[in-house]
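With the sequence shown counted from 1, adding 497 to any position gets you the working numbering.
Glycine included, C-beta positions come from ideal geometry on N, C-alpha and C.
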Amino acid sequence: MRGSDSDLDSQKGMDARAAARGLDAARAFVIRCGCTDNLGGKDIRGFPVACTFAKAACTRKAGGRYDRIVMGSGDSNVDNDSLVGKVALITGAGRGIGRAEAIRLSRRGIIVVVNDLGVAVDGTGTDTSPAQSVVSQIEAEGGRAIVDHTDVGSLAGGEEVVRKTVSELGRIDILINNAGFVPAPGDVERPIETDVDAQLDIHFKAALGTISAAIPWMKNQRFGRIINTVSEVALDSRYGGGTYAYAAAKAALWSLTLSMSSDFVDEGITVNAISPGAATRMNATYLDPSRTDLAPDHVAQVVEYLICPSAGDLSGRVIHVAGDQLREFMVRRTADSGAVRRIELFRQSDESVTDEA
């Protein structure tokens, strides 16, 4: 999408704003808001559009800001026309973050498969209406979407939803593994095997199934974007042992993201993850779902960038996004920590280590 020729949209203006925020202007680019005033009321397909930012993020009325500066490869055209007509499969797309992702991607001309079984927060029950509601909204805006109620809570289920996508649309370009549920707190001293299995099934095996089925198609197209939804619960002890099964399953998905991220880069396929902080029903116990500063669309905006052609050099990245906060998780080994120093002192005082194999 192109805005006006004003200074807001000029390279000069972009460089100045980047410098003001301490960014390297050569690696900064603008994501435009998408307000109908800015775009003449049309998107790149010629369909009417509304602002694609959360209301709290768009300051068009308050101060006339049309854009945000984010780090990138230097390509200022994030709304690349090459995304039009591509197919995105999003699991768990009926509500919350998945819904925001589906709507945002559809506004880029992407055909979206909205997969959602409609389970409750704890994984029980089914409801076909959330997924259908998303499809109806996309179609009302002039986009194209397909509803899917495949149960992806298994390796086979993950493979099946990809098979259906390709059978219906002939391709799959973008895969977002977002389906999941939050279990009731468990007791690590008395683990229930079925509860542990359920978490591994939906958060790890399902993603492995979708990825394994999608990769051959993406390789053939020499383009693919895979994004897994992980959680900082996997790495943060503050959440306690009551979430051990959920945390372990998310850690497995985190590891899967990193371990396969370099396998297919030469074939145009990237694998990344987002660790979101958003006010949705999934974490209503901790966050008020009405908080617009943590609206799911903040997460969807990051996903929008990661699927762009200009993000083809980013793979194996785990991005945390919570409202305006944007961070990257980076795993590092260090010799400079309290634990290492204490152990090193012990090793120096203990000479009992032998050379025996």
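If you ignore the 5 residues before and after residue 695, its C-beta comes within less than 6 Å of no other C-beta in its own chain. Exposure of residue 837 is indicated by the presence of fewer than 16 other C-beta atoms within 10 angstroms of its C-beta. DSSP, read as helix, strand or coil, puts residue 759 in coil. A Cβ-Cβ separation of about 38 Å leaves residue 689 out of contact with residue 584 under the 8 Å criterion. For residue 614, the number of other beta carbons within 10 angstroms of its own is at least 16, and it is reported as buried. Counting along the chain, the unbroken alpha helix (DSSP H) around residue 795 starts and ends at 794 to 803.
Remark: C-beta atoms of residue 821 and residue 597 do not approach each other more closely than 8 Å. About 6 Å separates the Cβ atoms of residue 707 and residue 672, confirming a contact at the 8 Å cut-off. Assigned with DSSP and collapsed to three states, residue 765 falls in coil, not helix or strand.
In this model, residue 650 and residue 830 are separated by some 34 Å (Cα to Cα).
Only exposed fits residue 691, as fewer than 16 other CB atoms lie within 10 angstroms of its CB. Annotation: residue 627 to residue 765 spans about 33 Å, alpha carbon to alpha carbon. Here the stretch 590 to 606 makes contact with the stretch 632 to 643; the two share three or more CB pairs at distances below 8 Å. If you draw a 10 Å sphere on the C-beta of residue 774, you find 16 or more other C-beta atoms in it, and that means buried. C-alpha of residue 747 to C-alpha of residue 588: approximately 15 Å in a straight line. Here residue 644 really is in contact with residue 629; their C-beta atoms are around 5 Å apart, less than 8 Å. Residue burial is scored here from C-beta neighbours: residue 703 has at least 16 other C-beta atoms within 10 angstroms and is therefore classed as buried. Here DSSP, grouped into helix, strand and coil, assigns residue 833 to coil. Burial check for residue 682: the Cβ neighbour count within 10 Å stays below 16, so the residue is exposed. The residue among 612, 832, 660 with its C-alpha nearest the C-alpha of residue 590 is 612. Straight through space, the alpha carbons of residue 647 and residue 667 are spaced by roughly 18 Å. Inclusion of residue 714 and residue 731 in the CB contact set at 8 Å is not warranted, their separation being larger than that value.
With respect to residue 722, residue 767 sits close: the two C-beta atoms are nearer than 8 Å. Scanning the stretch 666 to 740 for uninterrupted beta strand (DSSP E) segments of 3 residues or longer gives 671 to 674, 721 to 726, listed from N- to C-terminal end. Remark: C-beta atoms of residue 771 and residue 818 approach each other more closely than 8 Å. As the crow flies, the alpha-carbon of residue 664 is around 44 Å from that of residue 687.
The C-beta distance from residue 811 to residue 803 rounds to 7 Å, short enough to meet the 8 Å contact threshold. Under DSSP, residue 850 forms no beta bridge with any residue.
Straight-line measurement puts the Cα of residue 844 at about 33 Å from the Cα of residue 744. For residue 817, the pairing in a beta bridge is given by DSSP as 772, 824. Spanning the alpha carbons of residue 711 and residue 754 requires a straight line of approximately 15 Å. Distance from the CA atom of residue 709 to the CA atom of residue 734, rounded to whole angstroms, is 31 Å.
Residue ranges of uninterrupted alpha helix (DSSP H) with 4 or more members, entirely inside the stretch 617 to 659 and ordered along the chain, are 626 to 637.
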